[in-house]
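Residue numbers (the numbering used here): 16 to 237.
Right, one structure below, let's go through it.
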Amino acid sequence: MNQYIVKILESGFITHDVKRFVVERPPDYDFIPGQATDVAVNIPKWKNEKRPFTFTGLREWNYLEFIIKTYPKRKGVTDQLAKANDGAELIIAEPFGTIQFKEPGFFIAAGAGITPFIAIFRDLSKKKKLRGNKLIYSNKTSADVIMKKDLMKMFDEDFTSVITREHVIGFVGKRIDREFLVDKIKDFSQGFYVCGPDDFVKNITDILKDLGASADSIVVEQ
16 MNQYIVKILE
26 SGFITHDVKR
36 FVVERPPDYD
46 FIPGQATDVA
56 VNIPKWKNEK
66 RPFTFTGLRE
76 WNYLEFIIKT
86 YPKRKGVTDQ
96 LAKANDGAEL
106 IIAEPFGTIQ
116 FKEPGFFIAA
126 GAGITPFIAI
136 FRDLSKKKKL
146 RGNKLIYSNK
156 TSADVIMKKD
166 LMKMFDEDFT
176 SVITREHVIG
186 FVGKRIDREF
196 LVDKIKDFSQ
206 GFYVCGPDDF
216 VKNITDILKD
226 LGASADSIVV
236 EQ
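Here's what the structure looks like:
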């Protein structure tokens, strides 16, 4: 598999623990919205430590964008990325991934699970095809919501933000469970896109199937 060394052109935190990276784009490098690539920091100790991160920009941009949740306490790759500044080098591989837009429906995400959907939302919005889709996005606190203003602007009333550990005006203060989905979704024959921690994805997928959604209509990362 091909690898490419690219420089960080711009970086900065967009929440207390989520960092945005703008990096060089290799010639003829392309991806499908929703796809990811393996990323490593190009320094001796870390250049072989690859982790998957999703492209969040539009495919026609002349640079690549990643939005990455960092975990400093783990002292791993994301901690190194948190410390990486403009001019530092990353190593990226070829795009991969099974999350792609198929049909209008519900996007259900938790935490950093929103990132594979961002490029899809931007692409649909640019093509004026976002209407008809709805977003349910769960986080522990309101400070954890990634790109909140952008999501609210794109989805308006079709955006439901679920906050599980605090009660904040404008947010639903509960967990996404069977009762919640029955209340929010009236048609389980449409498309569903689910991304987040493994337990979250399995739980939501199982509930959707139990409520009548077909396995073929549910898109998750394989």
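Backbone N, C-alpha and C define an ideal beta-carbon position, used for all residues, glycine too.
Straight-line Cα distance separating Y19 from P41:
7 Å
Using DSSP's beta-bridge definition, name the partner residues of A230.
Answer by DSSP bridge pairing: none, since A230 is not bridged.
Please report the straight-line C-alpha distance between V56 and S157, rounded to a whole angstrom.
30 Å
Same chain, Cβ closer than 8 Å to D138, five either side skipped, listed in chain order
P48, L73, R74, F116
Are T175 and K149 touching if we call contact CB-CB under 9 Å?
yes
For R35, list the residues DSSP reports as bridge partners.
Assignment of beta-bridge partners to R35 by DSSP yields G27, I82.
Given a cut-off of 9 Å, decide if I135 and I114 are closer than it, judged by their beta-carbon atoms.
yes
What is the residue span of the beta strand (DSSP E) that L150 lies within?
149-154
Buried or exposed for K34, going by 16 or more other Cβ atoms inside 10 Å?
K34 sits buried, since 16 or more C-beta atoms from the chains shown fall within 10 Å of its C-beta.
Could you tell me if I29 is buried or exposed, where buried requires 16 or more neighbouring beta carbons within 10 angstroms of its beta carbon?
exposed
Helix, strand or coil for R137 per DSSP?
helix
Please go through the segment 164-223 and give each complete beta strand (DSSP E) segment of 3 or more residues, from N-terminal end onward.
174-178, 206-210
Compute the beta-carbon to beta-carbon distance between V235 and V197, rounded to the nearest angstrom, for a pair I have assumed lies under 8 Å.
The Cβ separation is near 20 Å, so there is no contact.
Looking at I23 and A103, is the spacing between their C-beta atoms short of 9 Å?
yes
Range covered by the beta strand (DSSP E) that runs through D53:
51-56
State the start and end residues of the unbroken alpha helix (DSSP H) segment that holds A97.
92-98
What's the C-alpha gap between E194 and I200?
E194 and I200: Cα-Cα distance of roughly 10 Å.
Extent of the continuous beta strand (DSSP E) to which A125 belongs:
120-125 is the extent of the beta strand (DSSP E) around A125.
In three-state terms, what does DSSP make of I129?
helix
Do N17 and A99 have their CB atoms nearer than 9 Å?
It is not a contact, given that the beta carbons lie outside the stated cut-off.
Run the CB neighbour count on I58, radius 10 Å, all protein chains shown included, and call it buried at 16 or more, exposed below.
exposed
According to DSSP, is R89 part of a helix, a strand, or is it coil?
helix
Residues bridged to K22 (per DSSP):
E104
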